[in-house]
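J.: I am attaching a structure below and will ask some questions about it afterwards.
In the numbering used here, the protein residues as written are 371 to 567.
Shown next as structure tokens:
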């Protein structure tokens with residue numbers, strides 16, 4: 371890969387990077403987002419569980435092997451602490467390597483401990499399974515990808531990737547955009563969002 375300064379990119383006909391909020395999308399915006407996977411203890415957790423009803427839910431697609439997931443995890447932990455009482459739930463669909471499964475997921479457990487992850491983490495499969503396991507999202511090929519679900523259960527936005535702290539202004543912008551999306555969704559009632567659909 372070759373890096374080009376932004377000023378030179380247009381002169382050299384280098385295309386603009388994909389907008390992270392438009393890279394991936396929901397296939398059918400009228401269909402509630404569904405998931406059902408085991409947690410680390412083997413208990414199946416589903417999108418239809420009572421604890422998610424009427425809540426704003428962030429569904430993260432990631433894995434403990436993913437460098438940018440390491441950048442995003444502490445931010446999601448902060449968001450969860452800040453907004454949980456207002457109705458935010460976060461569910462990480464973790465796509466781990468098969469070798470992790472055989473060893474009892476020590477890397478995933480260390481990842482969760484390191485970043486203070488106290489939101490729900492589910493074992494969704496292997497990295498290669500992501501399109502099959504999350505079929506409602508089109509062009510799902512970035513780790514992490516963050517899916518925003520309104521209180522009505524419908525996907526209200528998808529953000530591909532996460533700019534790490536080393537990216538400076540891009541990191542701050544990503545955090546601001548994600549927090550603004552969460553605040554906007556929390557301000558809506560389930561009845562209001564259904565009426566808007």
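Using N, Cα and C, we set each Cβ at its ideal position, and we do this for glycine too.
Roughly how many angstroms lie between the CA atoms of residue 566 and residue 555, to the nearest whole one?
T.: Here the model assigns residue 566 a pLDDT of 44, short of 50, so the residue's position is not dependable, and the following value carries that caveat. If you take the alpha carbons of residue 566 and residue 555, they lie about 13 Å apart.
J.: Quick one: what's got a C-beta closer than 6 Å to residue 564's C-beta in the same chain, skipping five residues either side?
T.: Because residue 564 carries a pLDDT of 47, less than 50, the predicted location of this residue cannot be relied on, and no value is offered for it.
J.: Which word fits residue 461, buried or exposed, when buried means at least 16 other C-beta atoms lie within 10 angstroms of its C-beta?
T.: The residue in question, residue 461, is buried, as its Cβ has 16 or more Cβ neighbours within 10 Å.
J.: Determine the contact status of residue 493 and residue 464, defining contact as a CB-CB distance below 7 Å.
T.: yes
J.: Quick check on this structure: which residue in 474, 545, 440 and 424 has the alpha carbon closest to the alpha carbon of residue 557?
T.: Looking from the CA of residue 557, the closest CA among 474, 545, 440 and 424 belongs to 424.
J.: Note the first and the last residue of the continuous beta strand (DSSP E) segment covering residue 460.
T.: Residue 460 -> beta strand (DSSP E) spans 458–465.
J.: Tell me the residue span of the beta strand (DSSP E) that contains residue 416.
T.: 414–416
J.: Going by DSSP in three states, residue 492 sits in which element: helix, strand or coil?
T.: Three-state result, residue 492: strand.
J.: Within 7 Å (strictly less), CB to CB, does residue 393 reach chain C?
T.: In the structure shown, chain C cannot be found, because there is only a single protein chain.
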